[in-house]
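Engineer: Each residue of the sequence shown is one higher than the one before, starting from 940 at the first, in our numbering.
Where is the CB? At the ideal position from N, CA and C, for every residue including glycine.
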Amino acid sequence: MSWEENVKKVVPYVPGEQPKTKVIKLNTNENPYPPSDKVKHALEHFDIDSLRLYPDVNGGELRTKLSEVYSVDEEKIFVGVGSDDVLAVAFLTFFAGKKPILFPDITYSFYDVWADLYDIPYEMIPLDDDFRIKKEDYFRPNGGIVIPNPNAPTGVEKSIEALEEIVSKNKDSVVIIDEAYVDFGAKSMLPLIDKYDNLLVVQTFSKSRCMAGVRIGMAFGNPKLINYMNDVKFSINSYTMNRLTVAAGVAMLEDSAYFEEMTNRVIATRERTKVALRELGFEFPDSKSNFIFARHKQVAAKEIFEAAKKNGIFMRWWGKPRIDNYLRISIGTDEQMDEMIAFLKEYLK
Ligand code: PMP
């Protein structure tokens, strides 16, 4: 068909499966716990009449509340429909140069998809054999840098001192630190956004704030960065943050005690799971996220992945070079992890 010549052809990002049946779902790094009761209350008392009106273009009360909770001026905050939306806008905004942008070879598999979509040249920088980022690899000419911390799908944390060096040695490009998993025990770069005008820190409500289904992500950076992102966003769709989302997000931010409790619970379960997996013959880089990236010393990851799935336990596996013998296992509740471990014990016997 001749119109196909004019089609933008892309290889899309493939999200983890969302099965319709009830399974033990350890494949997409969601939080196993529900949002705070305050979210329920806010939605039950939501002013339905207000849905008549367009929402605030900057996220309104959600941005105000974020400013309060994170002690960052509102003009330094950008909110979007999950951090995928925030990152997509950031790629489009900051990576318009001719030089290649840099990111690790093993990392969030959406980065190369956006780069291809927006015709951004890129170089994937190999992690070392222990899945570590070597900071020196990023001290070279580039059109921008994006690094998740902790990295995904490895769960490995990079020290903020090393990341700061990457930011400070790359003053001519924007450095995006994707902190989707930072609340599970890693250190945030947020305190450095006033020191470096080329640093953008991106976070999300999908993991530590138990709200992947609501779709809220945010970026923190100096007002100039945020203004440039808004120019791009307002050239696509100004009203990304709907009123229901804003109400749910504000309510979740109001319950910091719940946020801390659930985050600590996931961390405790992760640490228990590490011990159990090691006893079963798995090895993995130390994780500071809500998942563990593990391989078994004898049994192929693909086999375990398929057997687990047959038994209603979903994990994530990629048949990609360097990582095709690894499973990414999200941290669920203690009960879910016990069931997963019981299955593995039986299977590996
Ligand atoms: N960054 C990383 C590293 C991720 O793993 C994810 C989750 N798929 C995201 C960003 C996007 O998450 P969300 O759009 O739900 O905020």
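Can you list, in chain order, the residues of its chain with a C-beta nearer than 7 Å to that of Asp1067? Leave out the 5 residues immediately preceding and following it.
Structural biologist: Taken in chain order, the residues that qualify are Lys1073.
Engineer: Does the distance from the C-beta atom of Ile1115 to that of Leu1139 stay below 7 Å?
Structural biologist: Going by C-beta atoms, Ile1115 is nearer than 7 Å to Leu1139.
Engineer: Compute the Euclidean distance between the alpha carbons of Lys1095 and Tyr1047, then round it to the nearest angstrom.
Structural biologist: For the record, residue 1095 in the displayed sequence is Val; it is not Lys. The straight-line gap from Cα to Cα measures roughly 13 Å.
Engineer: Please confirm whether any heavy atom of the ligand PMP lies closer than 6 Å to the CB of Pro958.
Structural biologist: No, Cβ of Pro958 sits at least 6 Å from all heavy atoms of the ligand PMP.
Engineer: Is it buried or exposed, Glu1274, if we count other Cβ atoms within 10 angstroms and call 16 or more buried?
Structural biologist: Classification for Glu1274: exposed.
Engineer: Beta-carbon separation of Gly998 and Arg1154 under 7 Å?
Structural biologist: No.
Engineer: If you measure from the CB of Tyr1197, is any heavy atom of the ligand PMP nearer than 6 Å?
Structural biologist: Incorrect: Tyr1197 has no Cβ contact closer than 6 Å to the ligand PMP.
Engineer: Answer with buried or exposed for Glu1200, where buried requires no fewer than 16 other C-beta atoms within 10 angstroms of its C-beta.
Structural biologist: So Glu1200 counts as exposed.
Engineer: Is it right to say Ser1228 is buried, meaning 16 or more other beta carbons lie within 10 angstroms of its own, or is it exposed?
Structural biologist: Counting Cβ neighbours within 10 Å, Ser1228 comes out buried, since at least 16 surround it.
Engineer: Among the candidates Gly1258, Gly1220 and Ser1226, whose CA atom is the shortest distance from the CA of Leu1280?
Structural biologist: With the sequence shown as reference, residue 1280 is identified as Ile, and Leu is not the correct amino acid for it. Nearest C-alpha to Ile1280: Gly1220.
Engineer: Should Thr1143 be counted as a contact of the ligand PMP given a C-beta to heavy atom distance under 6 Å?
Structural biologist: Yes, the ligand PMP has a heavy atom inside 6 Å of this Cβ.
Engineer: Is Tyr1047 near the ligand PMP, judged by its Cβ being under 6 Å from some heavy atom?
Structural biologist: Yes, the Cβ of Tyr1047 comes within 6 Å of a heavy atom of the ligand PMP.
Engineer: Can you give me the C-alpha to C-alpha distance between Leu1001 and Glu1242, rounded to a whole angstrom?
Structural biologist: Leu1001 and Glu1242: Cα-Cα distance of roughly 44 Å.
Engineer: Quick check on Ala1215: does DSSP put it in helix, strand or coil?
Structural biologist: Here Ala1215 sits in helix by DSSP.
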